[in-house]
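S.K.:
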Amino acid sequence: MSERKKIIIKVPHRVTGFFEIVDTKNGIKLENPELIGSRGAGFTLSAMGTTQIFSESIGKNKRNSSSCEIYINGSQVDKEAETTYYIYDYIKNSLPNAHNIKIFHEFDLPVGCGYGASGSGALGTIFGLNRLFNLNLSDFECGRIAHIAEVINKTGLGTVCGQLSAGLGIVAAPGYPCKYEYIKFPANIRVICTSFGAISTKEFLSNQSLHSIVNKPGKEALRKLKIDPNIKKFATLSWRFVKDTKILDILNLFKIRNLLEELNKKQIIGASLNQLGKSIFAICKKKRVDEITEIIESYQTVNKIYCLKIEEQGIKIF
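Residue numbers (our numbering): 29 to 346.
(1) Given this structure, state the Cα-to-Cα distance separating G102 from E134, to the nearest angstrom.
(2) Based on DSSP bridge pairs, tell me the residues matched to P245.
(3) What would DSSP say about M29, mapped onto helix, strand or coil?
(4) Where do the ends of the beta strand (DSSP E) carrying K219 lie?
(5) Can you round the beta-carbon distance between Y210 and G195 to whole angstroms, since I take them to be within the 8 Å contact cut?
(6) Starting from V139, trace the alpha helix (DSSP H) both ways and give me its first and last residue.
(7) Check E209 in the structure and name its three-state DSSP category.
(8) Tell me the DSSP secondary structure of K120 in three-state form.
(9) Quick one: complete alpha helix (DSSP H) runs, 4+ long, within the stretch 234–286?
(10) Considering Cα atoms alone, identify which of N121, S93, K130 is closest to K107.
(11) Mapping DSSP to helix, strand and coil, what is V50?
(12) Kindly list the residues whose CB is nearer than 6 Å to the CB of S95, restricted to its own chain and excluding five residues on each side of it in sequence; keep chain order.
(13) State buried or exposed for G68, treating a residue as buried only when at least 16 other CB atoms are found within 10 Å of its CB.
(14) With a threshold of 16 other CB atoms inside 10 Å of the CB of I100, please say whether the residue is buried or exposed.
(15) Could you tell me the distance, in whole angstroms, from the CA atom of K230 to the CA atom of I180?
(16) Do L265 and F46 come within 8 Å of each other at the CB atom, strictly closer than that value?
(17) Here's the rule: buried if 16 or more other CB atoms are within 10 angstroms of the residue's CB, otherwise exposed. What is N162?
(18) Can you give the Cα-Cα distance for N164 and N158, rounded to whole angstroms?
(19) Decide if the stretch 274–293 is in contact with the stretch 221–241; the criterion is three or more beta carbon pairs, one per stretch, under 8 Å apart.
(20) Can you tell me the Cα-Cα spacing of T112 and I36, whole angstroms?
(21) Using C-beta distances below 7 Å, list every residue in its chain close to A155, excluding the 5 sequence neighbours before and after it, in chain order.
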C-alpha cells in the first residue's frame, strides 16, 4: 500500500517600495547567487500565498522515478513554474525513495503583479518538502535554497528575505543570509492595493539598462530611510523613487501616475507603485479606507481592490 502525505505552508505576499540591484562587485559580474540580491524596503501583507504539497510513495530505491506536477491557481504548469521546479529538482535526490509529488500554489493576490508570489511559492515549496520528507534542513538552509532559486531563475532578488522576516522593514544587505531591519508602525494602519496588469520580473532583471535606472534612486532612498526609519518616510521615499526612475513613463503607465498623484494629495501616509508590477498601494489610517477605496474605484474598472494589514508573522506551517 502506497504512503500518502500532505502539508500546507502559508507565506505572506510582499510589496517592495524601492530597491537597488546588487549583482556586480568592483564592476565584475557576480556568479555566486548567494551574493546576488538587492537592498531596499517593503512590507508583507495579510494576504497569503498557500502551498499544498501531496506526495505518494511509489517504491524504494527508485529515486530517478520520482515525478512532480505543479499547479498555480488551478492551472497545471509543471516546469514552467521554474523557481518551484528548480527547488524540487534540487532536493529530489535527497528523497528516501521515489514519490509522485503534486505542488499546488494558490495566491490571494494577482501573480506577476508585484506581490512576491514567486518568493512565497519558493519558500512554501522548500519548507513544505523539508517538513514532508524529514530532510532535516534548517530554516536558514531552506531560506538559502529559496533565495538561490529566485536569483537563478530571475524571479526575485530580495523578496524571500522580506517574507522570511515579515513586517515593514529594510533589506539592508544583498544576497543571503538576510540582513533585515524592522520599522515600527501604528496598529490602525491599512494598505489598500489593486493591480492594473503584470510585468515580467525575469525580463526586467535581464535588462541591464534598466538596472542603471533604478540603482541610483534606490540607493539614495535607502540612505534617507536609514536616517529616519518610519512608515511615513518609507511611503514618501517609495513615491520619490518612482518619480526619479521615471518608471511610469518608461512603462506608459499614465493612468496609474494620475491615480497616485491624486492619492498622494489626500491625508494618507502615502501611495506608490509596487516593485515590480503594474500595481499600486496606498497606506492610510483605518478611518480613511472608504475615501481612498472610492478614489481607486474611479480608476479601477477590471480588477479587485484589496484592503489589507501589514503582516508581522512570516511562514506558517499546517
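All C-beta atoms, glycine included, are put in the ideal place defined by N, C-alpha and C. Please read these numbers as outputs of a predicted model, since none were measured by experiment.
M.R.: On the basis of the coordinates in this document:
(1) 8 Å
(2) Beta-bridge pairing links P245 to no other residue.
(3) Because the pLDDT at M29 is just 40, under 50, the model does not fix this residue reliably, and the value given afterwards should be weighed accordingly. The answer is coil: DSSP assigns M29 none of H, G, I, E or B.
(4) Sequence inspection shows Val at residue 219; the Lys mentioned does not correspond to that position. Taken as a continuous stretch (DSSP letters only), the beta strand (DSSP E) holding V219 covers 217–223.
(5) 6 Å
(6) Run containing V139: none; DSSP gives neither H nor E here.
(7) strand
(8) helix
(9) 236–255, 259–273, 275–278
(10) K130
(11) strand
(12) N128
(13) buried
(14) buried
(15) 10 Å
(16) yes
(17) exposed
(18) 7 Å
(19) yes
(20) 15 Å
(21) Before going further, note that residue 155 is Phe rather than Ala in the sequence given. Answer for F155: I37, C170, I343, I345, listed in chain order.
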